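Following: one structure in structure tokens, then a few remarks.
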Amino acid sequence: MKSSRRDADALWNKYLHGRPISIRNKLIEHYRPLVHMLAARLAQKLPAQISYEEICSAGYDGLMEAVQAYDPSHKAKFETFCQQRIHGAVMDWLRTLDGQSRTVRSFEKQRMRHKELLDSALGRPPSDVELAEKMGMSRDRYAELSRLSRLGHEVHLSSVQSDDDGHHRGSPGGWDIKDAQAIDPSQRVSRQMLTDYITRGLNREERLVLVLYYTEGLTMAEIGLVLDLSESRVSQIHKDVIARLRRRFKDEAAELVA
């Protein structure tokens with residue numbers, strides 16, 4: 273822990289002299305676990321349609337803004353300042369979903385009506401491309417509204433709104449980190465698909481234990497703090513889930529052989 277603190281202090285000393293993007297990115301990487309922990313807590317309170325990964329994505333905007341805006345002369349600990357910004361960024365993202373709910377509901381009604389018309393005319397279910405054309409909208413717009421529709425009709429903020437959610441305002445530039453060694457996006461998609469496949473059928477608590485342990489690298493004790501569970505309970509959940517997964521994949525393998 274002391275070594276980690278010294279590493280962070282060294283990075284801040286370098287960053288505050290000119291604020292180079294390369295050092296900013298290292299600070300973001302250093303404080304990345306703060307996003308994961310807050311996202312895991314919120315994921316338990318939000319509708320199941322909103323994934324832990326989507327919450328993390330919104331939280332990273334808050335983390336980047338916190339690093340860029342932090343002024344150590346104000347004496348506030350960065351971790352406290354940062355958590356407020358991360359929480360605020362997630363709240364801002366959720367509000368955009370809530371504000372779009374009326375548009376999404378209108379889209380769903382139109383899609384259902386046009387789907388019924390095309391079903392009758394074609395004698396088969398229409399494709400998304402045919403529906404988008406029938407509704408007079410671009411494929412990109414159709415895909416975006418479909419995605420929002422899958423998130424749910426409305427996101428209720430009362431369960432996750434804190435008294436002080438920070439003063440985050442959306443960063444117009446978004447992420448502008450350029451890294452020649454960045455992972456190919458297709459690899460991230462493949463990893464997400466694999467995660468979804470492995471964790472299908474698990475409840476949210478069980479899925480978070482696996483994701484936080486194997487993907488984010490948190491210890492059992494740290495996961496317990498995030499999920500408000502004892503370390504022994506987290507260990508038991510992990511043990512039970514692994515046993516179930518082994519049985520499931522053994523059964524699936526047997527079916528393939530048969």
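Per my numbering, residue 273 is the first one in the sequence shown, and the count goes up by one each step. Beta carbons: idealized from backbone N, C-alpha and C, even for Gly. No experiment lies behind these values; they were computed from the predicted model shown.
Inset, instruction - Taking only the alpha-carbon atoms, compute the straight-line gap between I300 and L390 and give it to the nearest angstrom. - result: 49 angstroms
Legend entry - Rounded C-alpha distance that separates R304 from R291: 19 angstroms
Legend entry - C-alpha gap between E477 and R519, whole angstroms: 20 angstroms
Legend entry - Proximal residues to V401 (C-beta, below 8 angstroms), its chain only, five neighbours per side dropped: R411
Inset, instruction - Run the CB neighbour count on D333, radius 10 Å, all protein chains shown included, and call it buried at 16 or more, exposed below. - result: buried
Inset, instruction - Compute the beta-carbon to beta-carbon distance between A280 and H302, rounded to the nearest angstrom, for a pair I have assumed lies under 8 angstroms. - result: 6 angstroms
Inset, instruction - Classify R516 as buried or exposed, calling it buried when 16 or more other Cβ atoms lie within 10 Å of its own Cβ. - result: exposed
Inset, instruction - Mind checking which residues open and close the alpha helix (DSSP H) that includes N297? - result: I293 to H302
Legend entry - Proximal residues to F379 (C-beta, below 7 angstroms), its chain only, five neighbours per side dropped: L417 and S421
Legend entry - Rounded separation between G496 and Y486 - CA only: 15 angstroms
Legend entry - Cβ neighbour criterion (16 or more within 10 Å) applied to D309: This sequence places Met at residue 309; Asp is not what is there. Classification for M309: buried.
Inset, instruction - Compare the Cα-Cα distances from H359 to each of K298, I327 and E494 and report the closest residue. - result: I327
Inset, instruction - Could you tell me which of E488, I509 and L480 sits nearest to A315, measuring between CA atoms? - result: L480
Legend entry - Which of helix, strand or coil DSSP assigns to L283: helix
Inset, instruction - Would you mind sorting S323 into buried or exposed? The rule is 16 or more other CB atoms within 10 Å of its CB. - result: buried
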